[in-house]
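One structure is given here, and the rest of the page talks about it.
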Amino acid sequence: MDQKTLTGYERKELKKGPSRRLRREGKIPAIIYGHKTPKTIAVDQKEFRQKFKNSSASTILTLMVGKKKYEVLVKGLQEDLLRDSITHIDFFELERGKVLRTKVPVHVEGAAKGVREGGLLEQRIHELEIECLPKDIPEFIAVNIDDLVIGEAIHVGDLDISPKVKVLNIPEQTVISITNIKEEVLEEPAEEEELLEEEETEEAPGEE
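Numbering follows numbering that gives the first Met the number 0, with no gaps: position 28 of the sequence shown is 27.
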């Protein structure tokens with residue numbers, strides 16, 4: 000579990016005017032919600048981008064607002080794509096000792112034998128839904144595919160996951176598979192030839 004510290008600034012003016020002024024000053028209006036009364040804050044745009052750059056929705060952030068500390072997850076981002084800026088953030092406050100449900104990304108590691116042999120790698124699941132205590136949230140779930148050959152697949156039930164983490168996806172769900180491109184390409188013309196032969200057989204009696 001990765002954890003990063005971010006500075007938050009208390010925000011009392013909630014109208015559009017003050018919010019626009021904050022954004023011009025390089026700040027992002029935000030809210031902290033969860034098991035306590037929601038709290039409106041602002042964070043520095045540059046600092047947030049740097050701290051959250053290679054993170055995911057499962058990354059726990061420690062928000063310091065004055066002397067108060069909040070452990071949070073990023074649950075929502077609003078962005079202005081034209082200005083390449085974040086306009087609002089929803090932070091979800093974690094409750095220590097209480098199990099929570101969240102999603103973590105699946106990271107593929109290695110180079111599959113099947114791909115080197117001409118197969119096609121297909122990743123069908125990019126996130127897993129899990130339940131665990133906040134302190135046990137993994138940054139990501141790693142899947143090594145070095146030994147995967149054509150025709151094989153890795154399912155949710157095959158993954159090496161800490162017993163402290165409960166995966167809510169069905170164990171039989173396919174995460175990664177290697178398919179044979181050559182067989183798929185060859186099967187299509189064969190099917191077309193069979194259809195043509197059937198059509199010729201049906202037309203033959205009428206030609207007499």
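Every residue gets a Cβ at the ideal spot worked out from N, C-alpha and C, and that includes glycine.
All values derive from a computational prediction rather than experimental measurement.
Cβ neighbour criterion (16 or more within 10 Å) applied to residue i
i    : result
T36  : exposed
I31  : buried
T61  : exposed
I180 : exposed
Y8   : exposed
P262 : Lying before the first or after the last residue shown, residue 262 is absent from the chain, which here runs from 0 to 207.
S161 : exposed
V98  : exposed
V148 : exposed
L167 : exposed
R123 : exposed
L21  : buried
R10  : buried
CA-to-CA distance, residue j to residue i, given in whole angstroms
i    : j    : result
V42  : H154 : 40 Å
F91  : I129 : 16 Å
P170 : R115 : 28 Å
K38  : G109 : 43 Å
E94  : E126 : 23 Å
A152 : V142 : 11 Å
D79  : D146 : 43 Å
G150 : V164 : 29 Å
T4   : Y69  : 10 Å
G16  : V73  : 25 Å
G117 : T173 : 20 Å
D135 : D159 : 15 Å
G65  : D83  : 29 Å
G33  : R19  : 26 Å
E12  : K67  : 20 Å
M63  : S54  : 19 Å
CB of residue i within 8 Å of CB of residue j, strictly
i    : j    : result
L119 : A111 : no
F51  : V105 : no
G75  : I59  : no
G25  : Q44  : yes
T86  : E46  : no
V107 : I175 : yes
Cβ neighbours of residue i in the same chain (closer than 8 Å, five flanking residues each side left out)
i    : result
K102 : A56, S57, E126, L127, E128, I129
G96  : L132
G156 : P170, E171
Nearest-angstrom Cβ-Cβ length linking residue i and residue j, presumed shorter than 8 Å
i    : j    : result
G113 : I177 : 3 Å
Chain-order list of residues whose beta-carbon lies under 6 Å from that of residue i (same chain, five-residue window excluded)
i    : result
R100 : E130
Q77  : T86, H87
P137 : V103
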